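Down below is the structure, laid out as C-alpha cells.
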Ligand code: COA
Ligand code: THG
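Numbering (the working numbering), first residue to last: 593 to 1159.
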C-alpha cells in the first residue's frame, strides 16, 4: 500500500514505524505536520491508501480524515485520551500501560480502535519508556492494524474500557510540583521521570528557577531537602526528606541557553563551594560502568541522549584502556540503555563561547576513542547496540570488530540535516571496510533511518542477536561468552591483526583522519555557516517549515515527473 506517515517530527518512534512498514513492502513517504494546507497538498500529491500518524500533536482536518483513513498511534491504553498519556501513567504510578492504534475522527483519540497492546510500566524516564516499550508495541499494533485494513477486514469489536480510564487534559507543572519537604525520594523521582525528556519539572534549585531532568537515586547520601549538597561530573546532588537524588540535567529558561545542559553547569554559580565527588565513582553520579565476566569486559556508557562531549569521550577512552589492561579476550562496548551514541554533544557545543573550537575539540576526542578501538589488536571488540545510534555514533560503533543489534535497533549513519557536516570518526575508512565502497556511498547518500534488517544486509551490522530490546542484554552476555570461548578465537585475532597491518600499509589511519578533519575544519571555521545554523536549529528545536525531500518522497516523485514533462 501507499502509506503517508504524518508526524510532528521524524522522531525515533516515527523512524521505527517507517522502517517496519518499508520492510513489509509498503511505499512509505513522510510529511511533517506543518499546517493543514500542507497536509492536504501532500495527500493530493501522494494519493495514499492510508495515513499513519506515529507522533502527532495537532488535529487532522476533516478534509483529510474523511477521505483517507488515518491511524493514530496513541501512547495509552484503550479508552485513554489526551495529549499527556504517558506523563499521567507515570505520575499515577500505574503498573501497566499500553499503546493504541485508533482511527482519527472529529474528536481527539475517540475513534475506532484497530489494534492495541499492553506492557508492564518500568520505573524509568518517560522518554526511555517511549523509545523502548511504546515503540516496540506500537510497531506490532501498527503492523496489525495496517494488515487488517489491507486485507479488507474491519476493526476488531470494541473492548471494554477500564474504570478510571478516559480523557485526561494536558498535564500542567502544578500536577507534578516537587515538595522537597513533603515528598519522599520515590515520589520526586516519579515526578521528574514523568516529564523527562520534555518539558522537565520546574523547581527552584541553588536560587534559580530551573527545569530538571535525569534524576537518579543517590543511595548513602543525605542532606537538607531541596538543598545542593555536592556535584559529580554533570550532576548535582540534592537532599530529599528521606535521602538525596542526583539531578543530571537542567534547563534555565532565564539564561541565554534555553536548552538542556549538565546540571552542574547550569547551576555552576551555586556549586563553587560544594564538595566534588568523582564521576563514575561508587558515591558519585555514574555514566561509565565496567563489568567483567569470564574474560569479557562490558563497558556501559549511559550518556544522556547519547550525546558525547569531549570530556565524556576522554573518560570513556581511559575506561577502555583500563579495561584492555586487564587482558580480556573480548571488550563489549555496550553503550547506554536508551542510546548507544549520537555523536558529539551538540548542546554543550551550542552553549560554548567558541562553538567552532568546542566542535573541534569534541570531534578530536571522539576520533581518539575511535582510533584506540580500531588499533586494539590484543583482544576482540564488539559494539552492542541496545539503543539506537546516530551520526558519528554509528561510525564509532563500526570501529569495533563486530556490531550486534536487535530487531528494533535503528541506525542513522549520516549527519542528518547537520548542515552538510562532513563527519569524521574515521568513517571514510570504516564504512567501506564493513559495507564495501558502493554500498558505503548508498548509505551516506540515502540519509534515511536504517532498520536492523537492512543494516545487516548492508554490512553495517554483523549480527542480529535478539528480537527486541528486552531480550538484548541476556543475548549480549551469551554471544560475548561464545565469542570469547570460540575455537576460532585465536585465528580471528590473528586475522584482525594482519588485516590492520595490511590496511595501514595501504593507507595509514592518520591520512584518513587528516583528510576528514580538513573537511570538518571547513565546516567549523569556513565561510559557509550551515553547520552552525543547523546545530542552532537542532538544539533550540526550531520548528521545520518543510519536510526534507529525502523523507517526503512524494514530493521528489512529483518533482521528477514535472521536470520530465517539462523536457
Ligand atoms: N547532541 C545533543 N543532543 C542530542 C544529540 C546530540 N548529538 N543527538 C540527539 N540529541 C537529543 C535530541 O536533542 C533530543 O533531545 P530531547 O531530550 O530534548 O528530546 C534527544 O536527544 C532525542 O532526539 P530525537 O531526535 O528526538 O531522538 P530520536 O531517537 O528520535 O532521533 C537522531 C535520534 C540521532 C536521529 C537525532 O537525534 C539526530 O539527528 N541527532 C543529531 C545527530 C548529529 O548530527 N550529531 C552530531 C554529529 S556527530
Ligand atoms: N483525530 C484527529 N486528529 C488527531 C487525533 C484524532 N490528531 C492527533 C491526535 N489525535 C493525537 N492526540 C491528541 C489528543 C489531544 C490533544 C492533542 C493530540 C490536545 N491538544 C491541545 C489542543 O489542541 O488544544 C493542546 C495540547 C498541547 O498544547 O500540547 O488536547 O483523534 N482528527
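For glycine and all other residues, C-beta sits at the position ideal for the given N, C-alpha and C.
Just so you know, these numbers come straight off a predicted model, no measurement behind them.
Answer yes or no: the CB of residue 854 versus the heavy atoms of the ligand THG, is any distance below 6 Å?
No - the ligand THG has no heavy atom lying nearer than 6 Å to the Cβ of residue 854.
Is it buried or exposed, residue 844, if we count other Cβ atoms within 10 angstroms and call 16 or more buried?
Buried, because 16 or more other Cβ atoms sit within 10 Å of the Cβ of residue 844.
Provide the residue(s) that pair with residue 817 in DSSP beta bridges, ordered along the chain.
According to DSSP, residue 817 bridges with 831.
From which residue to which residue does the alpha helix (DSSP H) around residue 1104 run?
From DSSP, the alpha helix (DSSP H) with residue 1104 extends over 1101 to 1117.
Could you work out which residue in 602, 995 and 1107 is closest to residue 1072 when comparing CA atoms only?
Of 602, 995 and 1107, the residue nearest in Cα terms is 995.
Would residue 620 pass as a contact of residue 643 if the rule is Cβ separation under 7 Å?
Contact: no.
For the ligand THG, is there a heavy atom less than 6 Å away from the beta-carbon of residue 700?
It does: the Cβ of residue 700 is within 6 Å (strictly closer) of some heavy atom of the ligand THG.
Tell me whether the beta-carbon of residue 789 lies closer than 7 Å to the beta-carbon of residue 719.
Contact: yes.
In terms of DSSP beta bridges, what is residue 885 paired with?
Answer by DSSP bridge pairing, in chain order: 888.
Residue 977 by DSSP, collapsed to three states: which one?
Three-state result, residue 977: coil.
Considering only residues of the same chain and omitting the five flanking positions on each side of residue 647, which have a CB-CB separation below 6 Å?
The answer, listed in chain order, is 599, 600, 603, 605 and 606.
Measuring only from the beta carbon, is residue 657 closer than 6 Å to any heavy atom that is part of the ligand THG?
Under cutoff, so the answer is yes.
Taking C-alpha atoms, which residue in 1027, 677, 971 and 937 lies nearest to residue 903?
Residue 903 has its Cα closest to that of 937, out of 1027, 677, 971 and 937.
Compute the Euclidean distance between the alpha carbons of residue 1004 and residue 1129, then round it to the nearest angstrom.
Each residue's Cα considered, the two are about 19 Å apart.
Please specify which runs of the alpha helix (DSSP H), each continuous and at least 4 residues long, are wholly inside the segment 652 to 689, giving them in chain order.
Segments of the alpha helix (DSSP H) lying fully in the segment 652 to 689: 654 to 657 and 677 to 683.
For residue 814 and residue 901, what's the separation of their Cα atoms in angstroms?
Spanning the two alpha carbons is a distance of roughly 30 Å.
Taking 7 Å as the threshold (C-beta atoms), are residue 967 and residue 1108 in contact?
For residue 1108 and residue 967, no; Cβs fall outside 7 Å.
Between the C-alpha atoms of residue 942 and residue 1124, what's the straight-line distance to the nearest angstrom?
Roughly 8 Å between the two C-alpha positions.
According to DSSP, what are the bridge partners of residue 990?
Per DSSP, none; premise fails for residue 990.
Can you say whether residue 783 is buried or exposed, counting buried as having 16 or more other CB atoms within 10 angstroms of its CB?
Residue 783 is buried by the Cβ-count criterion.
Could you tell me if the beta carbon of residue 763 falls within a distance shorter than 6 Å of some heavy atom in the ligand THG?
No, the Cβ of residue 763 stays beyond 6 Å of every heavy atom of the ligand THG.
Cβ-heavy atom distance between residue 1007 and the ligand COA below 6 Å?
Yes, Cβ of residue 1007 sits closer than 6 Å to a heavy atom of the ligand COA.
Should residue 997 and residue 1053 be called a contact, given that it needs their Cβ atoms to be closer than 7 Å?
Yes, they are a contact pair.
Are the segment 797 to 804 and the segment 842 to 856 touching by the rule of at least three beta carbon pairs closer than 8 Å?
Segments in contact, yes.
Locate the alpha helix (DSSP H) running through residue 619, then write down its first and last residues.
That residue, residue 619, is in no alpha helix (DSSP H); its beta strand (DSSP E) goes 619 to 624.
Which value, in whole angstroms, describes the spacing of the CA atoms of residue 751 and residue 757?
Distance between the alpha carbons of residue 751 and residue 757: 13 Å.
Please report the straight-line C-alpha distance between residue 610 and residue 675, rounded to a whole angstrom.
Answer to the nearest angstrom: the Cα atoms are 22 Å apart.
Alpha carbon to alpha carbon, how far is residue 876 from residue 824? Give it in angstroms, no decimals.
The straight-line gap from Cα to Cα measures roughly 6 Å.
Quick one, which of 678, 781, 795 and 839 has its alpha-carbon nearest residue 760's?
Of the candidates 678, 781, 795 and 839, the one whose C-alpha sits nearest the C-alpha of residue 760 is 678.
Using only the alpha-carbon positions, how far apart do residue 1049 and residue 796 sit?
When rounded, the distance between both Cα atoms is 51 Å.
Specify the secondary structure class of residue 952 as computed by DSSP and reduced to three states.
It is helical.
Could you tell me whether any non-hydrogen atom of the ligand COA is closer than 6 Å to the CB of residue 959?
Flag unset: Cβ of residue 959 not near the ligand COA.
Using a Cβ-Cβ cut-off of 8 Å (strictly less than) and excluding sequence neighbours within five positions of residue 1159, which residues of its own chain qualify?
Note that residue 1159 scores a pLDDT of 49, beneath 50, so its modelled location is shaky and nothing firm can be said.
At a threshold of 6 Å, does residue 696 count as lining the ligand THG (C-beta to nearest heavy atom)?
It does: the Cβ of residue 696 is within 6 Å (strictly closer) of some heavy atom of the ligand THG.
Within the same chain, show all residues whose beta-carbon is closer than 6 Å to that of residue 1032, passing over the 5 residues directly before and after it, in chain order.
The residues are 1023 and 1024.
Between residue 1135 and the ligand THG, is the CB less than 6 Å from at least one heavy atom?
False, no ligand heavy atom lies under 6 Å from that Cβ.
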